[in-house]
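Chemist: 67 is the number of the first residue of the sequence shown in the numbering used here; add one for each residue after it.
Sending over a structure as structure tokens; questions will come in a sec.
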Amino acid sequence: MRIRHFKSSDSTKIADLFHGSVHSISSDIYSKEQLEAWAPTPPDYTMWKVRLEKTKPFVAIIDGVVVGFIELELDGHIDCMYVHRDYQRQGVAKALFKHVSHEARKNGCKTLYVEASILAKAFFEKMGFGIESENIVKKNRQELINYSMSGLPKP
Numbered sequence: 067m068r069i070r071h072f073k074s075s076d077s078t079k080i081a082d083l084f085h086g087s088v089h090s091i092s093s094d095i096y097s098k099e100q101l102e103a104w105a106p107t108p109p110d111y112t113m114w115k116v117r118l119e120k121t122k123p124f125v126a127i128i129d130g131v132v133v134g135f136i137e138l139e140l141d142g143h144i145d146c147m148y149v150h151r152d153y154q155r156q157g158v159a160k161a162l163f164k165h166v167s168h169e170a171r172k173n174g175c176k177t178l179y180v181e182a183s184i185l186a187k188a189f190f191e192k193m194g195f196g197i198e199s200e201n202i203v204k205k206n207r208q209e210l211i212n213y214s215m216s217g218l219p220k221p
């Protein structure tokens with residue numbers, strides 16, 4: 067696995083990865099309506115292109131395939147971290163997290179924080195994050211639960 071900076075040519079692949087990852091979440095966790103509100107079908111490729119050109123995420127590549135991405139803001143906020151459904155539970159999220167932890171420490175950031183989905187909460191807890199609050203977020207007329215969490219960048 068290789069982690070590199072985002073390239074403009076990644077934007078459609080990342081939009082599809084995001085959409086596929088969200089829609090692969092069990093309806094026991096979020097309803098189909100909630101998943102559609104979170105990641106509308108079809109993906110808004112123009113919005114993703116504009117967003118990614120601004121956020122400049124790090125991208126995980128395996129055998130030339132974009133398998134994950136993570137966005138890190140200068141203040142330590144992790145806005146998005148998603149792994150392709152076919153590559154989950156293979157260390158991709160951990161590698162992306164370690165990469166941004168290194169970047170954050172290099173930039174003098176002492177704390178990382180995230181709004182984690184129900185599914186991502188356990189991952190961030192394993193990375194040493196604590197829960198600050200449970201939130202109800204309204205998106206496209208649906209209510210979704212997430213968790214404000216923070217932790218130290220990992221060495």
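For every residue, glycine included, the Cβ atom is placed at its ideal position computed from N, Cα and C.
Could you pull out every residue in the same chain whose Cβ sits closer than 7 Å to the Cβ of GLY142, ignoring the five residues on either side in sequence?
Modeler: Position 76 of the sequence shown, counted from the first residue, corresponds to residue 142. The answer, listed in chain order, is ALA170, CYS175, THR177, LEU178, TYR179.
Chemist: Which residues does DSSP pair with ASN212 in a beta bridge?
Modeler: Taking the sequence shown and counting its residues from 1, the one referred to as residue 212 is at position 146. Paired residue(s): SER183, ASN201.
Chemist: In the DSSP assignment, what are the bridge partners of LEU138?
Modeler: Residue 138 sits at position 72 when you count from the first residue of the sequence shown. Answer is ILE144, bridged to LEU138.
Chemist: So the candidates are VAL166, HIS168, VAL203; which of them puts its Cα closest to the Cα of ILE184?
Modeler: Position 118 of the sequence shown, counted from the start, is the residue given in the question as residue 184. Comparing Cα positions, the closest option is VAL203.
Chemist: Quick one: measure Cβ to Cβ for MET28 and ALA126, integer angstroms, because I've assumed they're closer than 8 Å.
Modeler: Any property of residue 28 remains undetermined from this structure, which presents the chain solely from 67 to 221.
Chemist: In angstroms, rounded to a whole number, what distance separates the CA positions of SER74 and GLU191?
Modeler: Here residue 74 is taken as the residue at index 8 of the sequence shown, counted from 1. Here residue 191 is taken as the residue at index 125 of the sequence shown, counted from 1. Rounded to whole angstroms, SER74 to GLU191 spans 32 Å at the Cα level.
Chemist: Just reading off the beta strand (DSSP E) that ALA81 is part of, what are its end residues?
Modeler: Here residue 81 refers to the residue found at position 15 of the sequence shown. ALA81 -> not in any beta strand (DSSP E); alpha helix (DSSP H) instead, spanning 77–89.
Chemist: In this structure, how does DSSP classify ARG155 when only helix, strand and coil are distinguished?
Modeler: For the purposes of this step, residue 155 is taken as the residue at position 89 of the sequence shown. Here ARG155 sits in coil by DSSP.
Chemist: Let me check one thing: in DSSP terms, what residues is ARG70 bridge-paired to?
Modeler: In the sequence shown, counting from the first residue as 1, residue 70 sits at position 4. Answer is VAL125.
Chemist: Please name the residue or residues paired with VAL131 in a DSSP beta bridge.
Modeler: Walking along the sequence shown from the start, residue 131 turns up at place 65. The partner list for VAL131 (beta bridge, DSSP) reads ILE128.
Chemist: Using CA atoms only, rank isn't needed, just tell me which of VAL131, PRO123, GLY134 is closest to LEU140.
Modeler: Here the question's residue 140 lines up with position 74 in the sequence shown. The candidate whose alpha carbon is nearest that of LEU140 is PRO123.
Chemist: Using the three-state DSSP reduction, which class does LEU178 fall into: helix, strand or coil?
Modeler: For the purposes of this step, residue 178 is taken as the residue at position 112 of the sequence shown. In the structure shown, LEU178 sits in a strand (DSSP, three-state: E or B).
Chemist: Looking at the unbroken alpha helix (DSSP H) that takes in ALA103, where does it start and where does it end?
Modeler: For the purposes of this step, residue 103 is taken as residue 37 along the sequence shown, with counting starting at 1. From DSSP, the alpha helix (DSSP H) with ALA103 extends over 98–104.
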